[in-house]
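Student: Below is a structure I'd like to ask you about.
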Amino acid sequence: MNTLLVTIFFLKIIEKASSGLIGTTHNRAEPWLSSSHAQQHAEKWLEQRITKYGPVSKLSLFGKPTVFIHGQAANKFVFNNDGKTITSQQPESTRMILGDRNILELSGEDHKRVRNALMVFLKPESLKQYVGKLDEEIRKHLELNWHGKQKITVSYSAIKSF
């Protein structure tokens, strides 16, 4: 029932939203995401988009339909949700790399529990120990397996396993 209500809610928002750039994104909406454009032109691109299409519009981002919302009401809507109205959905490629239950996909208590567990390992004191151990292991591996090699062959099966 909740899913149906959320779907209807977003369909109403999208119905009211201006047409945006669905289907023509690769030419207009994504160039600002490249590193050189992001630093210099992101704010300008956002301002132009808001002026042209309004604070609620739809677009295609990385080939996926996306709702663009802007403003104080949008911030309140996003940050005061209960984790059921809006949830994080990563692209399929991200889920393939990180798995379906990665921290980016979790919400609520599950996200909090995993984040707290990760923070134990990411404390500066812990990282100092890990960096030393990793450095030692990498140096040993390079010395044993890579030293003096002029050619490196990577097989498809090794790449696919990641």
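Start counting the sequence shown at 887; every next residue gets the next number (the numbering used here).
For glycine and all other residues, C-beta sits at the position ideal for the given N, C-alpha and C.
Flag this pair as yes or no: are the beta carbons of I989 and V1006 separated by less than 9 angstroms?
Tutor: No, the pair does not count as a contact, with Cβ atoms beyond the cut-off.
Student: Please state if the CB of E991 and the CB of Q1015 are separated by a distance shorter than 9 angstroms.
Tutor: no
Student: With H, G and I counted as helix, E and B as strand and the rest as coil, what does DSSP make of W993?
Tutor: Note that residue 993 is Ser in the sequence shown, not Trp. Here S993 sits in coil by DSSP.
Student: Please state if the CB of K944 and the CB of T1081 are separated by a distance shorter than 9 angstroms.
Tutor: With the chain covering only 887 through 1048, there is no way to say anything about residue 1081.
Student: What are the complete alpha helix (DSSP H) segments, minimum 4 residues, inside the segment 923-970?
Tutor: 958-965
Student: Between the C-alpha atoms of G985 and H1033, what's the straight-line distance to the nearest angstrom?
Tutor: 34 angstroms
Student: Which two residues bound the contiguous alpha helix (DSSP H) that contains R1025?
Tutor: 1010-1027
Student: If we count the other Cβ atoms within 10 Å of its Cβ and call it buried at 16 or more, is F954 buried or exposed?
Tutor: buried
Student: For T980, name the three-state secondary structure that DSSP assigns.
Tutor: helix
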